[in-house]
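The next block holds one structure in the form of structure tokens; read it before the comments.
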Amino acid sequence: MSPPPSQTSGGAMAGYSHPLLLVVALQSLLQTALGQATNGSTTTPTPASGLTESERLAAIIVPSLVGGLLLIGLVIFGALKVRERRQTEGTYRPSNEEQVGARVVTNTNLQLPPEERLI
């Protein structure tokens, strides 16, 4: 585990040790998953940006997945909170219920069930 950015002696890039470590770890996972594992004799040339294609891909995918999971979690949390507030809060207006109940017209044409008799 690397020390906090204030204790490292690496300059401006010292605070980026954890994301870089994550990107490198994901690169190795992606290479083995895609069947592109390299043996010790071959090396991949690095482009001018300093990152290989799989590192750039991992640098895009990882934050996207983390952000997506965070967004899904926030949506679920918000939905649960709204549901909870609807159950626990609100106003009770019995006069409104009485008025709505009085407007319901009963159907007098309902047939009664047959009378039950003993055999």
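Per mature numbering (1 follows the signal peptide of the UniProt record, and there is no 0), the sequence shown runs over residues -35 to -1, 1 to 84. All C-beta atoms, glycine included, are put in the ideal place defined by N, C-alpha and C.
Whether residue i touches residue j by CB criterion (8 Å)
| i | j | result |
| --- | --- | --- |
| residue 20 | residue -9 | yes |
| residue 27 | residue -14 | yes |
Neighbourhood of residue i by C-beta distance below 7 Å, restricted to the same chain and skipping five residues each side
| i | result |
| --- | --- |
| residue 2 | For residue 2, the predicted model reports a pLDDT of 48, less than 50, meaning its position is unreliable; a value from the coordinates is still stated below. Contacts found: -5. |
| residue 48 | none |
| residue -35 | Confidence at residue -35 is low in this model, with a pLDDT of 48, below 50, so its placement is unreliable and the value that follows should be read with caution. Closer than 7 Å at the Cβ level, and outside the excluded window around residue -35, lies no residue. |
Sequence-distant residues of its chain with Cβ nearer than 6 Å to residue i (five each side left out)
| i | result |
| --- | --- |
| residue -7 | none |
| residue 42 | none |
Nearest to residue i (by Cα), restricted to the options the options
| i | options | result |
| --- | --- | --- |
| residue -12 | 23, 45, 14 | 23 |
Same chain, Cβ closer than 8 Å to residue i, five either side skipped, listed in chain order
| i | result |
| --- | --- |
| residue 73 | none |
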